[in-house]
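> Would you mind keeping the following structure in view while I ask a few things?
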Amino acid sequence: MKISRILHAGYAFESGGTQILFDPVFENPFSRNCHAFPDVRFDAARIRALRPDAVFISHLHDDHCSMESLDLLDRATPIYMYCIFDELFAMLRALGFADVRPLALDVPVLVGAFEVIPRRALEADVDSMFQIRAEGLNVLNVVDSWMDPETLEQLKPYAPWDMVLWPFQTMREVDVIAPSRAERGPVALPEEWPEQLQALAPRYVVPSSCQFRQEPWSWYNHALFPITYRQFAQAVGEWLPDSQVVRLNPSVSLELSAAALTPAAPLAWVLPVGEQDVDYAYDPDIVPPPTADIARRFAPLTAEQGALVQDFCRSGLLARYQDMELPEDSYFATPCVWQLSVYDHEGGAQRFRYRVHGDSIALTGDEQAPTWRTEIPAAKLYAGLMLGESLTSMYLRIEGAPADADIVDDPLIRTLFDNAIGAYQAAQLRRMGIVV
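Sequential numbering of the sequence shown, starting at 332, is according to our numbering.
Structure below.
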């Protein structure tokens, strides 16, 4: 069985003349602002010439399901996707794929020499993972999900696994959004990982997913990614002394057999650029720059784009918020004043204040100081509204949120993302001139 890394969570598996792709992304940057780390380029002409026997997509997130990447593939390619939302399947068909099939948990899919079994992830309404079988070998692709305890019990009888593709990075998404609440100091690997990996007892462990960082100037590069390849390999070596940790950089291929793991010819259509054995450099004491300084990094909005942002802050946000139902235990269930500061390309801020109580929201004056403050560059707010940009790269910042408050109850986060199913993919299709 030949296993090759494309990028991030993307892999190509080959056996007996059959080739299947998992979560293929052929873009750099991908997801608008995820810069490949290590750096790569893609040979689009060679990708268009590929004829994979199937593509498997683990879930709808934009770093796993990209219409611009799938657009390079032959439209006769069967697409298997785990997703509970019909909108994504409609988008794939609108892109031109005729053979689009939903995946069901624990129901095997046979493609040539391969048997692929979707397995339940901890967030089963979003994620899935894959058990991949061929040539008497068992590989577990955990993608970037968290292991469900019941699934672990289901997978234990297959131990020892031949290979496990394990998501090694624990991104500190909440900490960069609300840095005043972040805990300082080094970050330990999740306490459940040793038991989970020991139960699987893999011969080989590949540190998987998370092959990206933000722009070179971004403070996120030293705050969002706390785990290094070195730290992960050392820890797994202690937990599993009989296992081998194998790093797979983009394009790198390996031949897995019952007896050994050997190098194989790399993917010709994934082109490494520069140093490949890079590692993350986490700084627990980093001081985030002001949002004004970050906003100066982005190009000015056009008059039309600026008007759209203004209209959203004055009316669209209010309408969206009132259409949603707030959890009863939310910080915003109690009356408060929320301030939204939107920073332009010169670092100037326009501040909007709202009185929020439960499901009601209204603009208010400056008479009362805000207790919850949200900041965002105008360029990123526009990108979130119109381009499907994900929260991870919006440089949204929250100040004043109590330690016990749920960050995702922030009114801007809720109005941008609570009902945004397939927003990124829909924006991609619009740029291609395709309306679903």
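Yeah, the Cβ is synthetic: ideal placement off N, Cα and C, and Gly gets one too.
Here the structure is a predicted model, which is why all the values come from computation and not from measurement.
Below 8 Å on the Cβ atoms is my guess for I752 versus E418; work out the distance and round it to an integer in Å.
Going by Cβ atoms, the distance from I752 to E418 rounds to 5 Å, so yes, they are a contact pair.
> In its own chain, which residues sit with a C-beta less than 8 Å from the C-beta of Q527, not counting the 5 before and 5 after it?
Once the five neighbours on either side are set aside, the close Cβ partners of Q527 are M478 and L483.
> Excluding the five sequence neighbours on either side, which residues of its own chain have a C-beta within less than 6 Å of the C-beta of S672, listed in chain order?
Closer than 6 Å at Cβ, skipping near neighbours: A680, R682 and E706.
> How many Å lie between L592 and L585 at the Cα?
Each residue's Cα considered, the two are about 7 Å apart.
> Look at C312 and F543 and say whether their C-beta atoms are less than 8 Å apart.
What the structure shows of the chain is the stretch from 332 to 767, and residue 312 is not part of that stretch, so it cannot be assessed.
> How would you write the range of the beta strand (DSSP E) that E526 sits in, first residue to last?
Not the beta strand (DSSP E): E526 falls in the alpha helix (DSSP H), residues W524 to L531.
> With DSSP as the reference, label V457 as helix, strand or coil.
It is coil, neither helix nor strand.
> Nearest by alpha-carbon distance to E677: which of S362, D624, R761 and D405 is it?
It is D624.
> Considering only the alpha carbon of each residue, which of A554, S346, W524 and S588 lies closest to F563?
Comparing Cα-Cα distances from F563 to each of A554, S346, W524 and S588, the minimum goes to W524.
> Is the beta carbon of F461 sitting closer than 8 Å to the one on N469?
No, these two residues do not count as a Cβ contact at 8 Å.
> Taking only three categories from DSSP, how would you classify Q485?
Helix.
> Okay, do the segment 735 to 746 and the segment 655 to 668 touch, 3+ Cβ pairs below 8 Å being the bar?
Segments in contact, yes.
> Terminal residues of the continuous beta strand (DSSP E) containing L682?
Reading off the sequence, residue 682 comes out as Arg, not Leu. Here the beta strand (DSSP E) through R682 covers A680 to H688.
> Kindly indicate the opening and closing residues of the beta strand (DSSP E) around T349.
That run of the beta strand (DSSP E) goes T349 to F353.
> Quick one: using the 10 Å Cβ neighbour count with 16 as the cut-off for buried, is M494 buried or exposed?
Its Cβ being crowded by 16 or more others within 10 Å, M494 is buried.
> DSSP beta-bridge partners for R761?
Bridge partners of R761: none, in fact.
> Let me check one thing: in DSSP terms, what residues is R451 bridge-paired to?
BP columns for R451 point to S459.
> I need the straight-line Cα distance from E481 to D458, nearest angstrom please.
Approximately 15 Å between the Cα atoms of the pair.
> Which class does F445 belong to by DSSP, given the choice of helix, strand or coil?
The answer is strand: DSSP assigns F445 an E or B state.
> My assumption, with CB atoms under 8 Å, is that F748 sits in contact with L722. Please give the rounded CB distance.
Indeed, because the Cβ distance is near 6 Å, the residues count as touching under 8 Å.
> Answer yes or no: do F445 and F344 have a C-beta to C-beta separation smaller than 8 Å?
It is a contact, given that the beta carbons lie within the stated cut-off.
> Starting from the Cα of Y489, find the closest Cα among D610, L441, I508 and R534 and give me that residue.
Ranking the options by Cα distance to Y489, first place goes to R534.
> Relative to the alpha-carbon of L657, which residue among C396, R745, Y674 and D456 has its alpha-carbon at the smallest distance?
Measuring from the Cα of L657, the nearest candidate turns out to be R745.
> Taking N552 as the reference, give the member of D506, G689, I388 and D354 with the closest Cα.
The shortest Cα separation from N552 among D506, G689, I388 and D354 belongs to D506.
> Since Y342 and F353 should fall inside the 8 Å C-beta cutoff, what is the C-beta to C-beta distance between them, to a whole number of angstroms?
Their Cβ separation, rounded to whole angstroms, is 5 Å, which keeps Y342 and F353 in contact under 8 Å.
> CB-CB under 8 Å to S400, same chain, minus the five flanking residues each way: which ones, in chain order?
Answer for S400: P355, V356, F357, E358 and F361, listed in chain order.
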